[in-house]
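Remarks on the structure that follows.
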Amino acid sequence: MTTDDRFMPIHDPELLARGERVLGPEFRAMSERVLRATELTSRLNVLPFDDEAGRAALFEQILGRPLPSGVTVYPPFYTDHGLRLDLAERVFVNQGCTFLDYAGIRLGEGVMVGPKATFITVGHPVDPGERRRFLSGAPIDVAENVWIGAGATILPGVSIGRDAVVAAGTTVADDVPAASLVAGPKGTVRRRW
5 MTTDDRFMPI HDPELLARGE RVLGPEFRAM SERVLRATEL TSRLNVLPFD
55 DEAGRAALFE QILGRPLPSG VTVYPPFYTD HGLRLDLAER VFVNQGCTFL
105 DYAGIRLGEG VMVGPKATFI TVGHPVDPGE RRRFLSGAPI DVAENVWIGA
155 GATILPGVSI GRDAVVAAGT TVADDVPAAS LVAGPKGTVR RRW
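Those letters in the sequence shown? Residues 5 to 197, by the working numbering.
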């Protein structure tokens with residue numbers, strides 16, 4: 005994000021100090037990329053499913069590089085940035101998933117993501133005085149061979165350890181240990197192996 009990795013000013017700080025609400029350059033660049041990624045994903049999501057060449061070309065524009073050959077992504081697919089989404093070999097992403105990847109998302113080799121899972125790397129500070137002035141965020145790191153269940157939500161700054169399972173509908177706000185199952189609205193460890 006910026007020098008303080010947790011916050012990005014939305015408005016130009018110098019102009020804001022003079023009472024002018026002008027978007028800052030970093031936020032403006034991010035906003036332009038969001039519009040471009042939204043345009044690309046909206047085109048991707050209406051292609052016929054068997055148009056593999058069309059999907060590959062759009063994914064290359066969305067990600068800024070070709071989708072690895074061993075990766076499967078079923079549309080509809082949503083991202084607000086795309087350029088900071090790192091998908092390793094043998095990743096499987098089911099339908100209707102959302103990746104808000106401005107602060108970075110890495111899915112390790114063999115990760116499986118159920119339908120309608122959501123990965124969020126950005127938000128706003130909790131403090132009301134800072135909420136409209138900054139974006140906050142942190143990257144998400146998902147290690148190898150993880151299974152993310154349908155409708156799970158992974159929040160900023162979370163790391164999920166190798167071989168872990170995130171149950172369907174779970175909200176994950178804290179790191180998940182390797183070889184464990186987390187479930188429930190608070191992402192509680194239910195089992196380890």
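Each residue gets a CB set at the ideal place from its N, CA and C atoms; glycine is no exception.
Using 8 Å as the Cβ pair cut-off and three pairs as the minimum, do the segment 55-75 and the segment 119-129 touch? In short, these stretches do not touch, since the Cβ pair count stays below three.
Spatial distance of K120 from E148 (CA atoms): Distance between the alpha carbons of K120 and E148: 20 Å.
From what residue to what residue does the alpha helix (DSSP H) around A187 run? Secondary structure note for A187: it is in no alpha helix (DSSP H), and the uninterrupted beta strand (DSSP E) holding it is 184-187.
Curious, which full-length alpha helix (DSSP H) runs of at least 4 residues does the segment 11-87 contain? Here the runs fully enclosed are 17-21, 29-48, 56-67.
By the DSSP assignment, the alpha helix (DSSP H) with G133 in it spans what residues? Its alpha helix (DSSP H) spans residues 132-135.
Along the chain, where does the beta strand (DSSP E) containing V146 start, and where does it finish? Start and end: 144-146.
Quick check: A92 and P143, are their CB atoms within less than 8 Å of each other? At least 8 Å separates the beta-carbon of A92 from that of P143.
In three-state DSSP terms, what is G173? When secondary structure is reduced to three states using DSSP, G173 falls in the coil class, being assigned neither helix nor strand.
Going by DSSP, what residues sit across from D167 in a beta bridge? Paired residue(s): none; D167 is not in a bridge.
Count the other CB atoms within 10 Å of the CB of R194; is the residue buried (16 or more) or exposed (fewer)? By the neighbour-count rule (16 or more Cβ atoms within 10 Å), R194 is not buried but exposed.
Which of helix, strand or coil DSSP assigns to L159: Here L159 sits in coil by DSSP.
Looking only at DSSP bridge pairs, what is R102 linked to? Correcting the residue type first, residue 102 is Thr in the shown sequence and not Arg. Note: T102 sits in a beta bridge opposite Y82, T122.
Do L159 and A171 have their C-beta atoms within less than 8 Å of each other? Their beta carbons are not under 8 Å apart, which means L159 does not touch A171 by this criterion.
Measuring CB atoms only, is the segment 100-116 touching the segment 128-136, in the sense that at least three cross pairs come out at less than 8 Å? Counting Cβ pairs under 8 Å, fewer than three are found: no touch.
Going by beta carbon distance, what residues of the same chain come within less than 6 Å of T157, once the five residues before and after it are set aside? T122, T175, listed in sequence order.
Name the residue from G161, G141, V130, V180 whose alpha carbon lies nearest to the alpha carbon of I152. Of G161, G141, V130, V180, the residue nearest in Cα terms is V180.
Is DSSP giving D90 helix, strand or coil here? In the structure shown, D90 adopts extended strand secondary structure according to DSSP, grouped into three states.
W197 bridges to which residues according to DSSP? For W197, which the question treats as bridged, DSSP gives no partner whatsoever.
Give the range of the beta strand (DSSP E) segment to which G141 is assigned. Per DSSP, the unbroken beta strand (DSSP E) holding G141 starts and ends at 138-141.
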